[in-house]
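Asker:
Protein chains: 4
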Amino acid sequence: MTLSGVIPPVCTPRGADGALDRASLSRLCHHLVNEGVSGLFVGGSSGETALLDASTRLAALDVAVEAAAGRVPVLYGVIETGTARVLEAARPAAAHGAAAIVATVPFYVAPHPAEVLAHFEVLAGGELPVVAYDIPSATHVRLEPSVSIAIAREGYAVGLKDSSGDLAGMRTVVEAVRGLPFAVLTGSEVLADVALELGADGIVPGLGNVDPAGYVRLYEAARAGDRAAATAEQARLTRLFGIVDVADRTRVGFTAGALGAFKEALVYRGWIDSPSTWPPLAPLDDVEKKAVHALLEQYLGRS
Amino acid sequence: MTLSGVIPPVCTPRGADGALDRASLSRLCHHLVNEGVSGLFVGGSSGETALLDASTRLAALDVAVEAAAGRVPVLYGVIETGTARVLEAARPAAAHGAAAIVATVPFYVAPHPAEVLAHFEVLAGGELPVVAYDIPSATHVRLEPSVSIAIAREGYAVGLKDSSGDLAGMRTVVEAVRGLPFAVLTGSEVLADVALELGADGIVPGLGNVDPAGYVRLYEAARAGDRAAATAEQARLTRLFGIVDVADRTRVGFTAGALGAFKEALVYRGWIDSPSTWPPLAPLDDVEKKAVHALLEQYLGRS
Amino acid sequence: MTLSGVIPPVCTPRGADGALDRASLSRLCHHLVNEGVSGLFVGGSSGETALLDASTRLAALDVAVEAAAGRVPVLYGVIETGTARVLEAARPAAAHGAAAIVATVPFYVAPHPAEVLAHFEVLAGGELPVVAYDIPSATHVRLEPSVSIAIAREGYAVGLKDSSGDLAGMRTVVEAVRGLPFAVLTGSEVLADVALELGADGIVPGLGNVDPAGYVRLYEAARAGDRAAATAEQARLTRLFGIVDVADRTRVGFTAGALGAFKEALVYRGWIDSPSTWPPLAPLDDVEKKAVHALLEQYLGRS
Amino acid sequence: MTLSGVIPPVCTPRGADGALDRASLSRLCHHLVNEGVSGLFVGGSSGETALLDASTRLAALDVAVEAAAGRVPVLYGVIETGTARVLEAARPAAAHGAAAIVATVPFYVAPHPAEVLAHFEVLAGGELPVVAYDIPSATHVRLEPSVSIAIAREGYAVGLKDSSGDLAGMRTVVEAVRGLPFAVLTGSEVLADVALELGADGIVPGLGNVDPAGYVRLYEAARAGDRAAATAEQARLTRLFGIVDVADRTRVGFTAGALGAFKEALVYRGWIDSPSTWPPLAPLDDVEKKAVHALLEQYLGRS
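If you read the sequences in order, they're chains A, B, C and D. Each residue of the first sequence is one higher than the last, beginning at 353 in our numbering. Each residue of the second sequence is one higher than the last, beginning at 353 in our numbering. Each residue of the third sequence is one higher than the last, beginning at 353 in our numbering. Each residue of the fourth sequence is one higher than the last, beginning at 353 in our numbering.
1. What does R437 of chain D reach in chain C if we use C-beta pairs closer than 7 Å?
2. So is T354 of chain A buried or exposed if we call it buried at 16+ other beta carbons inside 10 Å?
3. Can you list the residues of chain C that N519 of chain B reaches, using a CB-CB cut of under 8 Å?
4. Kindly provide the ranges of any beta strand (DSSP E) runs that are 3 or more residues long and lie completely inside the region 479-507 of chain B, ordered along the chain.
5. Is E479 of chain D buried or exposed, if buried means 16 or more other CB atoms sit within 10 Å of its CB?
6. Helix, strand or coil for D600 of chain C per DSSP?
7. I want to verify the contact list: residues of chain C whose CB lies under 8 Å from the CB of W630 of chain D, in sequence order.
8. Is the distance from the Cβ of S626 of chain A to the Cβ of P360 of chain A below 8 Å?
9. Residues of chain C with a CB under 8 Å from the CB of P481 of chain D: which are they?
10. Does the distance from the CB of V351 of chain D to the CB of L392 of chain D come in under 8 Å?
11. Going by DSSP, which residues form a beta bridge with V394 of chain C?
12. Among A:V639, A:S540, A:F534, A:A587, which has the Cα closest to the Cα of V482 of chain A?
13. Shortest alpha-carbon distance to A412 of chain C belongs to which of C:G449, C:A502, C:E616, C:D369?
14. Could you tell me whether the Cβ of F614 of chain D comes closer than 8 Å to any Cβ of chain C?
15. Would Y460 of chain D and A490 of chain C be called neighbours here (beta carbons separated by less than 8 Å)?
16. Could you give the distance in angstroms between the alpha-carbon of G566 of chain B and the alpha-carbon of T524 of chain C?
17. Hey, L648 of chain D and G612 of chain D: beta-carbon distance below 8 Å or not?
18. At 3 residues or longer, what runs of the beta strand (DSSP E) sit wholly inside the region 440-486 of chain B?
19. With DSSP run on the structure shown, which of helix, strand or coil describes T607 of chain A?
20. Leaving out five residues on either side along the sequence, give the residues of the same chain with a beta carbon under 7 Å from the beta carbon of G653 of chain A.
21. Thinking C-beta only, is V493 of chain D closer than 8 Å to T435 of chain D?
22. Which residue's Cα is closest to the Cα of A610 of chain A: A:R621, A:R409, A:K641?
23. Across the region 533-547 of chain D and the region 499-515 of chain D, are there enough close Cβ pairs to call them in contact, namely three or more that are closer than 8 Å?
24. Answer yes or no: does any C-beta atom of chain A fall closer than 8 Å to that of T364 of chain B?
25. Compute the distance between the beta-carbons of A416 of chain A and V430 of chain A, then report whether it is under 8 Å.
26. Mind listing, in chain order, the continuous alpha helix (DSSP H) runs of no fewer than 4 residues lying wholly within the region 354-393 of chain A?
27. Cβ of P463 of chain A less than 8 Å from any chain B Cβ?
28. For H645 of chain D, decide whether its Cβ has a neighbour in chain C, counting only Cβ atoms nearer than 8 Å.
29. Since S378 of chain B contacts S356 of chain B with CB under 8 Å, what's their CB separation in whole angstroms?
30. Out of A:G477, A:L469, A:G422, state which residue places its alpha-carbon closest to the alpha-carbon of R443 of chain A.
31. Kindly list, in the order they appear in chain B, the residues whose Cβ is closer than 8 Å to that of A634 of chain A.
32. For L648 of chain A, report the span of its alpha helix (DSSP H) as first-last.
33. So which residues on chain B does G605 of chain A lean against when the C-beta distance must stay under 8 Å?
34. Going by Cα to Cα distance, which pick from C:R621, C:R569, C:A643 is closest to G594 of chain C?
35. So, are the CB atoms of A447 of chain D and I453 of chain D less than 8 Å apart?
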């Protein structure tokens with residue numbers, strides 16, 4: 353398994369019955385693979401994983417693995433507060449076809465960086481390779497660059513998914529892990545071109561659900577050294593990313609606004625059936641949906 | 353079930369084999385009940401619940417229920433990031449003997465207060481009564497007083513465990529829920545006397561593992577209107593609470609330092625066998641353990 | 353000078369010409385003294401001091417000193433980012449009649465607690481006694497209780513104005529400074545009764561501009577040991593304090609909403625002429641003003 | 353005046369008498385100009401401006417203006433909590449030879465973005481052009497990209513000094529202000545090459561005091577499109593920037609550690625006489641100074 357290219361954190365469609373909409377998820381995964389992504393990341397933040405029970409999370413993994421059909425690897429996110437919980441949630445992943453797990457730092461608790469490192473040391477004993485997941489906006493615990501570097505040097509993980517927003521920190525990690533079997537993936541939707549130039553191996557953009565071909569073009573342009581093309585794609589995608597801000601924040605939280613917009617866009621594209629998010633996230637209203645559509649009409653790339 | 357008195361968030365002893373030390377937990381629960389607590393809260397933050405897998409959490413519940421033997425109710429904490437996860441983790445609790453669940457707000461995600469309320473609305477449909485758990489230092493999401501009040505008015509929960517540190521907010525809730533079947537429990541170790549004076553129904557102090565009789569005396573003095581006695585107990589307990597600060601924070605995180613100190617104190621008292629905390633928390637060193645002992649020698653109340 | 357009783361942080365009226373409205377300030381100060389306050393605190397956060405230039409700040413001091421006419425001491429707030437700036441701003445205060453300065457910790461910079469202590473050591477060399485001002489919601493630097501205690505023990509200051517919201521910390525300071533010439537003043541509008549019970553010497557409530565007699569009654573009841581009366585006053589004042597939340601926060605910041613409400617209330621009482629706040633704070637709109645009036649009609653105490 | 357190139361935020365040397373060391377500052381400014389900087393920024397965060405009184409700040413401006421001798425413009429930082437304070441502190445700047453002021457958002461208070469915009473509208477009425485200064489790590493108030501864009505469109509300022517760390521936000525501003533007379537300067541020491549590629553007009557690195565020639569080479573390489581050369585300079589400078597982390601943070605604050613290291617490096621280079629920082633910042637100890645020297649020996653560029 354090579355961690356590179358575009359690996360979207362796949363949205364988790366919810367059916368009218370309040371359960372996983374397997375058909376929509378399968379359709380979405382097929383579209384993503386057909387548009388050229390290098391992997392599927394099921395169980396990430398964009399997948400509303402923090403809001404799903406265990407059987408739904410595994411069912412989503414099953415659907416993605418079946419849809420990928422070996423064409424691309426499927427990564428499985430494990431958003432859990434502690435070490436034993438990660439191990440427990442990760443245990444069935446290999447049998448269900450995951451190629452690696454993507455695990456957060458411990459959160460809710462307040463760990464010391466040395467304890468974060470110890471966490472990944474334990475996780476390294478699991479069946480699957482681990483990608484360390486740094487998303488302090490959600491966990492409120494930073495995976496410090498120095499800890500990521502130690503993880504890479506000790507071989508506790510095969511990569512980092514960096515959603516910290518700290519590009520200087522990512523750069524430090526990229527330079528320190530050069531030559532090690534350790535991939536650095538950026539979670540940024542709007543600095544993907546820059547992250548690639550700085551040496552990131554791949555990108556994991558939530559917006560990649562909506563416009564996978566755009567991110568693939570961006571990635572390939574960057575790899576080919578065609579900076580102008582990468583920047584132009586990025587500029588368009590950044591405008592498209594405006595959909596995460598259309599929701600009225602006096603009514604819905606940021607997560608609901610952003611993920612509701614991704615799902616509304618996927619409905620618009622015909623890739624999933626319903627924009628329904630998982631409880632307790634509130635839905636977009638009609639005005640907000642229209643604002644999503646308007647941005648899609650203006651900025652969605654044509655494959 | 354009445355939610356009042358002292359309901360300690362029970363520590364979760366870890367054995368030399370890295371598994372739940374059932375004998376120690378049972379002994380601890382017996383001591384707590386014998387010293388007069390009104391309930392046992394298994395699965396709270398002091399129980400390192402965020403670091404335990406599901407079977408360990410349920411095993412701890414089993415031990416506590418057996419030890420309580422009907423003398424006091426056992427509450428079961430459900431520290432989970434989302435609604436479906438709470439429902440899933442809470443599902444077996446009734447059959448295992450829990451009297452109520454204590455559930456956090458959604459975290460990791462960034463919910464709007466209206467989404468927090470919707471979360472508790474869903475939880476109200478579960479088998480057991482719910483106590484809402486406000487601990488923003490851990491979740492980084494506040495359960496706003498206005499939401500707690502709405503929860504009480506709608507009957508979504510039977511109480512609030514307030515570990516917010518916001519005594520003014522707690523007071524607002526206390527006054528607004530007067531007459532409703534809704535208990536307010538403070539999680540404060542050091543303002544328990546004040547919280548009781550302001551109308552809190554009970555206290556849920558982590559330090560109550562170590563000195564349950566002291567908190568029981570404090571509670572009873574407060575209930576009897578003997579402010580001087582309550583204050584004197586509080587003053588002693590506050591000094592004893594200094595054990596949470598003995599750890600060298602350049603080496604271990606706050607959680608490890610505080611919970612390691614509680615466990616070291618329980619070993620000192622002979623109530624559990626080992627101060628071992630759950631991975632990835634680092635242990636106290638010998639100097640720190642001696643500092644815990646010194647504070648215990650000076651400030652531990654004698655039953 | 354004794355630091356006790358009610359010492360309101362006096363609002364700074366702004367005239368139609370955009371300059372200090374001396375007549376209104378003088379009228380306000382007369383009302384405050386006549387209603388029984390123990391001192392006037394000019395230059396605090398409620399006085400919008402961070403938004404005033406030096407000559408306006410000193411002019412406000414002059415007006416207050418003249419209005420106080422020796423009946424009560426006038427404290428002078430010095431909200432400055434660094435030690436030399438505090439010394440500079442404090443220098444003229446004695447000649448202008450201030451009895452003490454109230455100085456923040458260094459902010460904008462990120463000081464170590466030992467550097468905060470060193471700051472107050474230097475300030476102690478000034479002409480006037482110093483009250484240390486802890487308001488981390490504004491400075492984003494905590495004056496740690498341990499540092500306040502060191503300040504008291506070293507004699508660097510004669511008191512603490514505690515607007516931290518950390519009642520447990522205040523209690524620690526109160527107990528540690530017992531017997532020292534060091535007063536602890538709470539800045540809380542809504543826990544003033546509790547703070548007094550815990551040993552605070554006085555209260556510095558922004559809402560004391562609007563209802564000084566209420567806070568004086570609360571203080572005297574607390575001092576007389578009449579807890580029921582103190583609590584009843586507090587309950588009413590807490591409801592009145594709702595005026596700080598009437599503003600639409602999608603339009604104005606918290607500071608503008610709260611201080612605009614205080615000023616609107618003072619206009620309503622006839623104590624100042626205009627609710628104008630200092631640039632760049634936005635004014636309340638008519639709907640918000642009416643909401644302030646409604647709360648005043650319901651909850652303003654009659655002298 | 354063109355805002356481009358390298359404009360270091362000049363350190364403010366402190367003499368053995370505790371006053372401004374004019375000779376050292378003059379020497380420093382001469383070195384900076386001789387090494388090719390495009391401007392001098394006196395009164396910035398690296399100049400410890402928050403810790404200096406008004407006369408020292410103006411004296412530093414005088415020395416810099418005299419040293420610059422018209423070869424480069426001198427910008428004057430105005431770190432003040434409110435609008436009137438900025439106007440007051442900026443008033444003498446033109447007469448003292450400043451080419452522009454660099455003004456923070458209001459802080460200490462909690463302004464709404466619309467109030468931040470109103471602040472700069474007022475400042476635009478002053479004598480000198482304004483550069484808006486976004487440094488939320490110090491002010492704890494963000495100058496939102498949308499507000500910077502509005503400032504540019506309204507002509508309230510001639511530029512932005514972006515020390516937010518938010519490269520995506522900077523990029524948004526750069527793209528929105530294209531064609532407007534509005535320069536974007538990054539305050540980043542470690543992403544200067546990236547910021548320039550993204551369209552920043554210049555760089556304002558605190559480390560530029562220590563290695564101005566390195567940043568000038570970086571800037572010129574970036575302008576010439578020689579990405580490899582820019583990146584190589586950046587990599588070396590990033591390693592050199594490690595000096596800000598040598599201090600023991602259990603003993604000194606971050607500001608003291610970073611600025612003390614800059615000054616120690618300037619002493620090492622012979623450009624100033626003493627590493628003394630301004631009260632209440634604590635000095636580096638000998639071990640820390642040696643660590644600074646070691647990094648200088650390894651990574652300091654030779655002119």
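All C-beta atoms, glycine included, are put in the ideal place defined by N, C-alpha and C.
Answerer: If we stick to the structure as given:
1. Neighbours of R437 of chain D on chain C, chain order: D405.
2. The residue is exposed, with fewer than 16 neighbouring Cβ atoms inside 10 Å.
3. For the sequence presented, residue 519 of chain B should be read as Leu rather than Asn. Going along chain C in sequence order, the residues near L519 of chain B (Cβ under 8 Å) are L519, L543, V546.
4. Counting only runs of 3 or more, we get 482-486.
5. Classified as exposed, E479 of chain D has fewer than 16 neighbouring CB atoms from the shown chains inside 10 Å of its CB.
6. Correct three-state label for D600 of chain C: coil.
7. Result: G434, T435, A436.
8. Contact: no.
9. Per Cβ cutoff of 8 Å: no residues; P481 of chain D is ~19 Å from chain C at best.
10. The displayed coordinates of chain D run from 353 to 655. Any statement about residue 351 of chain D would go beyond what the structure contains.
11. The partner list for V394 of chain C (beta bridge, DSSP) reads C:Y428.
12. Taking each of A:V639, A:S540, A:F534, A:A587 in turn and checking the Cα distance to V482 of chain A, the smallest one comes out for A:F534.
13. The candidate whose alpha carbon is nearest that of A412 of chain C is C:G449.
14. F614 of chain D does not count as touching chain C.
15. It is a contact, given that the beta carbons lie within the stated cut-off.
16. Going by the C-alpha atoms only, they are around 19 Å apart.
17. Contact: no.
18. As far as the region 440-486 of chain B is concerned, its whole beta strand (DSSP E) runs of at least 3 residues are 452-456, 482-486.
19. The three-state secondary structure of T607 of chain A, taken from DSSP, is helix.
20. Answer for G653 of chain A: D563, A565, G566, R588, listed in chain order.
21. Not in contact: T435 of chain D and V493 of chain D (Cβ atoms no closer than 8 Å).
22. Among A:R621, A:R409, A:K641, the Cα nearest to that of A610 of chain A belongs to A:K641.
23. Yes: the two stretches touch, three or more of their Cβ pairs being nearer than 8 Å.
24. T364 of chain B does not count as touching chain A.
25. In this structure, the beta-carbon distance from A416 of chain A to V430 of chain A does not fall below 8 Å.
26. Every alpha helix (DSSP H) stretch that sits fully inside the region 354-393 of chain A and reaches 4 residues is listed by chain position as 374-386.
27. Yes, P463 of chain A counts as interfacial toward chain B.
28. At a cut-off of 8 Å between beta carbons, H645 of chain D makes no contact with chain C.
29. So it is not a contact: roughly 25 Å between Cβ atoms.
30. Residue A:G477 is the option with its Cα nearest to R443 of chain A.
31. For the C-beta of A634 of chain A, the chain B residues within less than 8 Å are, from N- to C-terminus, H464, A466, E467, A470.
32. Looking at the DSSP string, the run of the alpha helix (DSSP H) that includes L648 of chain A is 638-651.
33. Those within 8 Å of G605 of chain A in chain B are V461, A462, P463, H464, E467.
34. Distances from the alpha-carbon of G594 of chain C to those of C:R621, C:R569, C:A643 put C:A643 closest.
35. The answer is no: Cβ separation not under 8 Å.
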